[in-house]
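No gaps in the numbering here: position 238 of the sequence shown is 237 in numbering that gives the first Met the number 0, and each next residue is one more. Have a look at the structure below, then the notes.
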Amino acid sequence: MTDPEQQTLSDERGNGIQLCLLASGSRGNAFYLSDRDTSLLVDAGLSGKEIERRMALRNLRPQDLTAIVVSHEHMDHIQGVGVLARRYHLPIFLSSGTREAARGHLGKITEIESFICGASFQIGRWAIRPFATSHDAQESAGFTFQQHGMKIGMATDLGAATALVREHLKDCRILILEANHDLEMLESGPYPWHLKQRIKSRLGHLSNTASRDLIGELLHDRLDHIILAHLSQTNNTPERARDAVAPVLNGHRASLSVAVQDTPSRLFHL
Ligand SMILES: [Zn+2]
Ligand SMILES: [Zn+2]
């Protein structure tokens, strides 16, 4: 039997875009996106060595990277940024708030560009639009990446799907969205009270059901694929996240997959 995900994506005529979640979760995040000419790493929250190893598993070469785009200063998003930027001479793009907060964790960076949330910027053919997210970081951002009518949206690390977030994520063909925790598992789990409160707050992380509701609002006929991301290893399982979200996709063509912490996702060809 054909994997339904494979089927949906191989139906596309293919415009040379590749993407892979090299890692996703509270112990490290890195997202690879390429149109072959311009290859981006969005966050690099594992050691430089581990990111290189994971890229190699998918036959990707760090030497081909063009730039690193950073969502916010938490270590699970920036751990390998400085090392990779120096090793491969990569410019870094981040908000000025993130730049300020990450100072001291990135080491010496020669090329650093600040973006403004809400204002598009261009890297190669990618039109990148950062937007503000509600999270306990200095100036955290989600992103959309666009070219040739293909819009890819990405929002992890958000305590609430604000009207602004929903507006930016409209009309995406691919959505990478946080499904951080199962509320029941979080509440009965081992985290101390204050941490549970932080995660559940508007500055924390999106639960499976909040993610489902957001996806329900964003569904449209041209949405091809949804990737659930940034799952907690303590307070969620891929099965729970999938089971919570799947019903909202009933009768819809979009396929669903779940990114995990320890293994890179397959390489999506769009
Ligand atoms: Zn994170
Ligand atoms: Zn974070």
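Heads up, the beta-carbon is just placed ideally off N, CA and C, and yes, glycines get one too. Nothing here was measured: the structure is a model prediction, and the numbers come from that model.
Sequence-distant Cβ neighbours of L93 in its own chain, meaning closer than 6 Å and more than five residues away, are V69. Assignment of beta-bridge partners to A140 by DSSP yields A131. In this structure, G117 sits near R128, with a CB-CB distance shorter than 9 Å. Chain order is used for the residues whose beta-carbon lies nearer than 6 Å to a heavy atom of ligand 2, namely H71, H73, H134, A136 and D156. Its chain contains S94, G96 and T97 as the residues whose beta carbon lies nearer than 6 Å to that of E138, once the 5 sequence neighbours on both sides are disregarded; these appear in chain order.
Beta-carbon to beta-carbon, N179 and L205 are separated by about 6 Å, close enough to satisfy the 8 Å threshold. Proximity of the beta carbon of G44 to ligand 1 is indicated: a heavy atom of the ligand is located closer than 8 Å. With at least 16 other beta carbons inside 10 angstroms of its own, S210 counts as buried. Taken through DSSP and simplified to helix, strand or coil, I198 comes out as helix. Burial state of S187 is exposed, judged by a 10 Å Cβ sphere holding fewer than 16 other Cβ atoms. In the structure shown, I50 falls within a helical segment according to DSSP collapsed to helix, strand and coil. Counting C-beta pairs with one atom in each stretch, the stretch 171-178 and the stretch 217-236 have three or more that are closer than 8 Å, which means they touch. The distance from the Cβ of F142 to that of M153 is about 5 Å, consistent with a contact at the 8 Å cut-off. With contact defined as three or more Cβ pairs closer than 8 Å, the stretch 41-53 and the stretch 237-254 are not in contact. Looking at the backbone, the Cα of R239 and that of Q62 are separated by about 37 Å.
Going by beta carbons, V82 and G47 fall inside the 9 Å limit.
Under the three-state reduction of DSSP output, Y190 falls in the coil class, being neither helix nor strand.
Comparing C-alpha distances from S231 to each of L20, Y190, G24 and I214 shows the shortest one belongs to G24.
Of the residues assessed, Q121 falls on the exposed side of the cut-off, its CB having fewer than 16 other CB atoms within 10 angstroms. Nearest neighbour of E166 by Cα position, chosen from N207, F30 and T132, turns out to be T132.
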